[in-house]
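The opening position of the sequence shown corresponds to residue 837 in our numbering, with each subsequent residue numbered one higher.
Idealized CB from N, CA, C, for every residue including glycine.
All values reported here derive from a predicted model rather than from experimental measurement.
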Amino acid sequence: MFHISEASVADTSTHTAIRFLPEHRAFTLTGQAFSYIFAVDLDDVVLRHLHWGARLGDDDVSLLIYDAPRRIGSNTWSRPRAHTEELVAHGGLRFDECALKVEFSDGVRGLELAYADHEISGNELAVRLCDRHYPLDVVLRYRVYPGALERWMEVVNTGDDAIVLDRSASASWAPPWLATPMATWLPGMYAAETQVTRAPLGVGRLVLESRRGVPGHAAHPWMAVDGGADEEHGEVWSVAVAWSGSWKIVAEHAFDGAVHLTAGRNDFDLRQPLRPGESVVLPATVGVYSDGGYGELTRRWHTHERQHVVPRPRHARPVLYNGWEASFFTVAHDQQTALAKRAADLGAEMFFIDDGWFLRRFDETAGLGDWTADPDKLPGGLAALADEVHARGMAFGVWVEPEAVNPDSDLFRAHPDWIYQWPTRARSLARNTHLLDLGRPAVRSWMFEALDALLRSADIDALKWDINRPMSESGTAGSEPAAIGHVRGLYEVIDRLRAAHPHVMIESCASGGGRADLGMLARTEWAWPSDNTDALERLAIQEGYGFVHSPHTMMCWVTDSPSYLGKRAAPLRFRFHVAMCGILGIGGDLTGWSDEEMAEAAGYVKRYKEIRETVQFGQLYRLASPRRGEFSSLSYVASDGSQVVLFAFAQTVRYCVQTRLVRLRGLQPDAVYENVDTGGRFSAAYLVGHGLRVSLVGDYASELVVLRTVSPT
Ligand code: DGJ
């Protein structure tokens, strides 16, 4: 059975500090390589944002205070952000994109908030603001990590009348003035997620969002801004929304160069009532700053995600086999055990049965909602299959899509009212399903009980938690708007399930990479970045996913050639090398692989296990991007520096560039490195300053070089 090993990861949690400097009434939040500073303004009212970026000392704070514009000046007419407030709330002479807008019961809109008090506790800061007239508190919350800052808000109705939240983003983030701001984001679509895109941030607003109830494929909930950085140089400021539903990031760029990013839940079609005494805690946004270009930015995101977001942060992820592309809906006990045997022969450590295992599930039209194994397909149920898989030394995982229901299911026949719907409107089907109303306590209970029973019915080690439709007709019987209640319900069910079955691992999937946000990754061990398993297209998808998320959470399968979506043929070596850049998975029909292919594949799996700790826990360096040309390369440096793994890829290689010198990064300056296959030795200076010669020939060419240190480090 697969036992996940513990990686030795440095604990950097001591590199943070939060201080209140009474002489300046300033808050300084300090991470390993960033400072975030704001202060209560002279008028005692406004919280003035002062700095987000490179680390500053206490002496610098007085300069910041002295330097900051004092109040909204007469030039408000032309400057939307005459001064930079820590909370951009709607009210008065504020016309820029706001994070908070409310309507009181007497119809008044517009906030007048003033600083009340604050509390520092460990790595957390809470600053309370009170409205000057109405019983409304806003608590700005901060959590400092070595490489990241989390910010969110809590809004509290302390009075006796209802208040409506019109706009409730979690925070506004303000990088310093940039002469020519550039934006980088990760747009895409189904089977083409997370395509790195960079463009000048024009004067005006760039809006990235999902209105679909899940983060979606159209854009990843993340954005970065820089003033001219590249992969290795320059400062970058980036923000992610840790929310598994509809989200929005608005980058507003004023004519004078001021930029701020407002991030949080999407306000589209969302007015949230706050009843007397109620409070709402808004989702976290996460800000990461880099002074070493996009490469260093990525490494800071990865380190943060691995150390402070995902469950089981120090456990290596397994080599997995998933039978979806081999079986689609036609699963059967003997056929799955045949696949399991072949997967075990390759060295897989976990075997997944995907869609198709439950009652009436012959295609997309029926079965979702009834989580009972089909006895015709699996006469011994999941339990017998689990035993077969375990007997071959692998852990056993099962696919589920708990939030969706087919009209042709016993669940829907028994509870046709359990879905989001408007009484007078058609109920849109997507992939022949409706979405269950997770705002209803009864649906939450049913979902927990159904999955709990499933996990008790067999020796199941992992779930693949899928969702394959967006939210529509969002009428709910829940007490919160559907867009909020759904995500809260989802989190509640997963959290209960994880508590009840702590050994179970979960993969997050939404028709590929539609739900791989930090909220979901806080509850799942890894995510499925795309249904597109074509190795060539994967290079771009994986690059984008890997801008933010660690290879430790990025599941990558080797599937059959030609690929089932794009019909592109590629050699096994290329397909394996691409998949070895994240968590190696295999998803082909292994019963059709020849003995030679099986032997070759087993060799790649063996090699992957030798480099897994470096790939999953090391530092990633993008040496040549697939966006820039036919050749791409990336390397991983082990967290203790002792191993370096280099991948190189080319779709097609022209004769004149069959060999290239790839200059490595992140090496230990005095170390000597040895190629573990050829025995060739190189100094770090040589590898960094001159480069490692990599030869690629022909089409779909790839290379994997493993180096280890051989001199004292
Ligand atoms: C969509 C997922 O992305 C696929 O990997 C597969 O699990 C199918 N759903 C099953 O219906």
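Residue pairing by DSSP places P1036 opposite M1018 in a beta bridge. Where I999 is concerned, the enclosing beta strand (DSSP E) starts and stops at I999 to W1009. Here the C-alpha atom of V991 lies approximately 6 Å from the C-alpha atom of D973. Taking 7 Å as the cut-off, one finds at least one heavy atom of the ligand DGJ near enough to the beta carbon of W1235. Using a cutoff of 7 Å, the CB of G1348 counts as near the ligand DGJ, since one of the ligand's heavy atoms is closer than that.
In the structure shown, V938 falls within a strand segment according to DSSP collapsed to helix, strand and coil. By alpha-carbon distance to A1250, the top candidate from D1002, V1279 and K1084 is V1279. A distance below 6 Å between beta-carbons, with the five flanking residues on each side excluded, links G1217 to the following residues of its chain, in chain order: A1209. Q1487 places its beta carbon 8 Å or farther from that of V1533.
Counting other Cβ atoms within 10 Å of its Cβ, C1417 reaches 16 or more and is therefore classed as buried.
Not one heavy atom of the ligand DGJ falls within 7 Å of the beta-carbon of N1268. By a beta-carbon distance limit of 8 Å, V1530 does not contact H1056. Their separation comes to about 30 Å. For P1109, no alpha helix (DSSP H) segment is defined; the enclosing uninterrupted segment is the beta strand (DSSP E) at Q1108 to L1110. Fewer than three Cβ pairs drawn from the stretch 1340-1349 and the stretch 1310-1326 lie within less than 8 Å of each other, which leaves the two stretches out of contact.
Per DSSP, Y1381 is one residue of the alpha helix (DSSP H) stretching across A1371 to V1384. DSSP links A1298 through a beta bridge to G1233 and M1341. The Cβ atoms of T1098 and S1008 sit closer than 8 Å to each other. Taking every protein chain shown into account, the CB of G1424 has 16 or more other CB atoms within 10 angstroms, so this residue is buried.
Distances from the alpha-carbon of D996 to those of R977, P1112, E933 and Y970 put P1112 closest.
W1160 carries a helical assignment under DSSP once its states are collapsed to helix, strand and coil.
Rounded to the nearest angstrom, the gap between the Cα atoms of W988 and A1090 is 24 Å.
When the five nearest sequence neighbours on each side are left out, the beta carbons in the same chain lying within less than 6 Å of the beta carbon of E1068 are those of G1129 and G1131, in order along the chain. Judged by their CB atoms, P1051 and A1078 are not nearer to each other than the 8 Å cut-off. Annotation for D1191 indicates a beta carbon within 7 Å of some heavy atom of the ligand DGJ. Under the three-state reduction of DSSP, H1270 is assigned to strand.
When the five nearest sequence neighbours on each side are left out, the beta carbons in the same chain lying within less than 8 Å of the beta carbon of S1245 are those of R1196, A1202, G1203, L1204, G1205 and D1206, in order along the chain. With respect to the C-alpha of E922, the residue from Y978, G867, E1379 and A869 having the closest C-alpha is Y978. Ranked by Cα distance from T920, the first of L947, N959 and V876 is V876. A Cβ-Cβ contact shorter than 8 Å links E1239 with L1274.
As the crow flies, the alpha-carbon of K1084 is around 15 Å from that of K937.
Our two residues, A1352 and Q1479, have alpha carbons roughly 29 Å apart in a direct line. If you ignore the 5 residues before and after H1144, its C-beta comes within less than 6 Å of the C-beta of Y981, all in its own chain and listed in chain order. About 7 Å separates the CB atoms of V1414 and F1485; that is less than 8 Å, so the two are in contact. Taking 7 Å as the cut-off, one finds at least one heavy atom of the ligand DGJ near enough to the beta carbon of C1345. With a cut-off of 7 Å, the C-beta of D1367 is classified as near the ligand DGJ, since at least one heavy atom of the ligand falls inside that distance.
Relative to T1173, the option among S1264, I1255, F1164 and L1214 whose CA is nearest is L1214.
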